[in-house]
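What follows is a set of notes on a single structure, which appears directly below.
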Amino acid sequence: MQGQLAVAYGALIHQMWSGKHSVVVPRELKSLIGKFEPRFNGYNQQDSQELLAFLLDGLHEDLNLITNKPYIEEKDADGRPDSVVADEAWEAYQQRNDSIIVDNMHGQLKSTVVCPECSKVSIKFDPFCFLSVPLPSTERSTRSRENKVQISECFDLFTREEELGEHDLWYCPQCKEHRQASKKLDLWKLPDTLIVHLKRFQYTRWFREKLDFPVEFPVRGFDLTDRVLEKSGQQYVYDLIAISDHSGGLGGGHYTAIGLNKGKWYNFNDSYASDLGDLPDVKSSRQAYMLFYQRRGTNGYNSPRKCNGNGPATNGTPPSNGATGEAASTNGAMDVGTSADM
81 MQGQLAVAYG ALIHQMWSGK HSVVVPRELK SLIGKFEPRF NGYNQQDSQE
131 LLAFLLDGLH EDLNLITNKP YIEEKDADGR PDSVVADEAW EAYQQRNDSI
181 IVDNMHGQLK STVVCPECSK VSIKFDPFCF LSVPLPSTER STRSRENKVQ
231 ISECFDLFTR EEELGEHDLW YCPQCKEHRQ ASKKLDLWKL PDTLIVHLKR
281 FQYTRWFREK LDFPVEFPVR GFDLTDRVLE KSGQQYVYDL IAISDHSGGL
331 GGGHYTAIGL NKGKWYNFND SYASDLGDLP DVKSSRQAYM LFYQRRGTNG
381 YNSPRKCNGN GPATNGTPPS NGATGEAAST NGAMDVGTSA DM
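Sequential numbering from 81 applies to the sequence shown in this note's numbering.
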């Protein structure tokens with residue numbers, strides 16, 4: 081995108097925070113996104129998670145300090161300690177991806193696949209930007225829509241071992257055959273800014289539905305430390321900073337957002353913003369679709385870094401203008417969660 085998306089997003093953020101406008105319409109940014117991704121053209125309802133994924137990926141590519149991405153051969157774990165394999169995978173990822181988006185919003189998952197025939201175990205460590213957690217729809221189908229789902233249940237399902245479907249077979253390098261293997265995901269390390277995507281929309285070969293039962297989640301003190309496998313002594317405790325809400329069903333609906341700004345909660349609904357006062361320590365919502373959390377002890381901002389042209393950048397003094405300074409201002413604004421309502 082040659083920096084166009086980063087420039088347009090940065091201009092929008094500066095306009096929003098200039099203090100000169102009560103309402104800002106992001107026409108230029110929307111038009112640019114539609115230019116690069118035609119499905120976002122027009123005014124049909126789109127999925128906010130898909131839009132945000134496109135936006136963050138585009139910003140990452142525009143701000144990526146690696147100009148010449150090296151070819152890196154994937155290595156098998158071969159029984160080596162998880163910590164060694166995970167560090168190796170993360171270093172390899174950073175050799176091709178070095179941006180403020182990665183610094184603040186990318187974490188790492190451990191994937192374990194086991195062959196049902198020869199018991200071959202394959203372990204890989206992959207980066208992520210969103211934690212898309214399932215809702216316990218099957219277990220809830222015969223229960224009242226008033227029953228709350230705890231977000232801990234969603235994380236339990238996310239990390240539960242499952243058998244791959246018959247149309248999603250895994251190629252076993254030992255058997256030299258495709259197998260219906262078992263797979264398990266675990267959290268290896270989490271980012272400072274954590275986006276939890278509640279998978280309310282379900283699509284199968286036979287039906288489509290939106291799961292609109294209430295999900296209960298922490299506003300303050302969301303402690304995921306015990307769920308993280310990397311044992312480096314770090315604490316993974318998060319506080320909520322924003323929510324992307326969806327009301328309505330599959331045929332049509334409306335997106336709004338709740339965001340924390342300077343210690344106060346606001347509701348953003350198209351051109352209207354209203355003060356919500358304080359939120360309870362735990363919130364229950366039928367509309368919550370994406371949850372944005374900030375890790376305690378961080379502010380979602382890493383100082384701009386100097387780029388040597390090819391390798392990972394080092395901390396440095398921000399320039400008076402240019403892409404690096406723009407990246408810093410863009411990411412700082414994202415902490416407020418104002419972009420979640422797009």
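Ideal Cβ positions, reconstructed from N, Cα and C, are used throughout, including at glycine. For clarity, every value in this text was computed on a predicted model and none was experimentally measured.
Here's a check: name, in chain order, each residue in its chain whose Cβ is nearer than 7 Å to the Cβ of residue i, leaving out the five neighbours to either side.
i           : result
residue 84  : 112
residue 114 : 120 and 121
Here's a check: name, in chain order, each residue in its chain whose Cβ is nearer than 8 Å to the Cβ of residue i, leaving out the five neighbours to either side.
i           : result
residue 332 : 125
residue 362 : 296, 297, 298 and 299
residue 190 : 162, 166, 203, 204, 205, 265, 266, 267, 268 and 309
Are the beta-carbon atoms of residue i and residue j separated by less than 8 Å?
i           : j           : result
residue 326 : residue 367 : yes
residue 310 : residue 166 : yes
residue 337 : residue 323 : yes
residue 278 : residue 215 : yes
residue 150 : residue 174 : no
residue 317 : residue 276 : no
residue 205 : residue 188 : yes
residue 238 : residue 265 : yes
My output table needs one value for residue i: the three-state DSSP class, helix, strand or coil.
i           : result
residue 400 : Model confidence at residue 400 stands at a pLDDT of 33, short of 50, so the residue's coordinates are unreliable; what they give is reported in the following sentence. DSSP places residue 400 in coil when its eight states are reduced to three.
residue 88  : helix
residue 394 : Only weak support is given to the placement of residue 394: the predicted model assigns it a pLDDT of 40, under 50, and the value that follows is read from those uncertain coordinates. It is a strand residue.
residue 198 : coil
residue 188 : strand
residue 94  : helix
residue 374 : strand
residue 129 : helix
Only counting the same chain, and skipping five residues up and downstream in sequence, which positions put a Cβ closer than 6 Å to that of residue i?
i           : result
residue 307 : 267
residue 134 : 117
residue 251 : 258
Out of the options, point me to the one whose CA is closest to residue i's CA.
i           : options               : result
residue 328 : 106, 250 and 281      : 281
residue 101 : 351, 371 and 372      : 351
residue 233 : 294, 202 and 199      : 294
residue 253 : 262, 201, 208 and 284 : 201
residue 195 : 95, 238, 255 and 375  : 255
For the alpha helix (DSSP H) containing residue i, name the first residue and the last one.
i           : result
residue 237 : 231-238
residue 351 : Per DSSP, residue 351 belongs to no alpha helix (DSSP H) and is neither H nor E.
Could you please give the first and the last residue of the uninterrupted beta strand (DSSP E) stretch that includes residue i?
i           : result
residue 266 : 262-269
residue 288 : 288-290
residue 107 : It is not in any beta strand (DSSP E) - residue 107 instead sits in the alpha helix (DSSP H) that spans 107-116.
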